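Participant: To start, I am sharing the structure in question, which I have written as structure tokens.
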Amino acid sequence: MIQLETGIEGKQAYFGKLQGGLKELGFSLSGSWQYDEGYFDGILSREGAETIYLRLPFHVISGELDSDHALLEFDTPFVINHVVNTGLEKEGSDLATATGLSQFQKPVDADGEIDDKSYWQKNGEHAVQQIIQHIDNNL
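When we follow our numbering, the leftmost residue of the sequence shown carries the number 1, and every step to the right adds one.
Laid out in structure tokens, this is it:
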């Protein structure tokens, strides 16, 4: 994991205004969100079983996350390498197992090693700057 220093920390935006612009930039709300916190995830690279994500953590200052009027505040973003299991699973659906497409397979490494950290740090920081620009232009 590579923590980024970008200036997005403490920036605030309403979920409804933010979500559409982030989608255009390739980010989506992580499936593990709660009503008071969550992550926006964007893929920086995908090769084989490895996916390098830029993760934007936030917490909700007012409202609940499923509302357009929820006010979010960003925390420190980071880059993470998520390595999935592309092999056959020993338990589960025969069809899903045979095709290697079972959605219930656990990752090999949810926080895998990241080669060339300075490269991914620069890419992550550049992506965050685009998001900051979107926030600043839509407040």
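We put the beta carbon where it would ideally sit given N, CA and C, even for glycine. Because the structure is a prediction, the values reported are computed rather than measured.
1) Identify which residue in 137, 138, 78, 135 has its Cα closest to the Cα of residue 123.
2) Assuming the contact rule is C-beta atoms closer than 8 Å, residue 81 and residue 114 should be a hit. Round their C-beta distance to whole Å, please.
3) By Cβ distance, which residues of its chain are closer than 8 Å to residue 94, with the 5 residues on each side in sequence left out?
4) Can you list, in chain order, the residues of its chain whose CB lies under 6 Å from that of residue 27, leaving out five sequence neighbours each side?
5) Name the one or two DSSP bridge partners that residue 128 has.
6) Give me the residue from 37, 22, 8 with the minimum Cα distance to residue 63.
7) Where in the region 4-92 do unbroken runs of the beta strand (DSSP E), each at least 3 residues long, occur, reported from the N-terminal end onward?
8) Which partner residues of residue 2 appear in the DSSP bridge assignment?
9) Report yes if the C-beta distance between residue 14 and residue 69 is below 8 Å; otherwise report no.
Facilitator: Short version:
1) 78
2) 5 Å
3) Any reading at residue 94 must be qualified, since the residue scores a pLDDT of 47, below 50, and its modelled position is unreliable; no value is offered.
4) 40, 42
5) Looking at the DSSP assignment, residue 128 forms no beta bridge with any residue, so it has no partner.
6) 37
7) 12-14, 27-29, 37-47, 50-62, 71-74, 78-83
8) 79
9) yes
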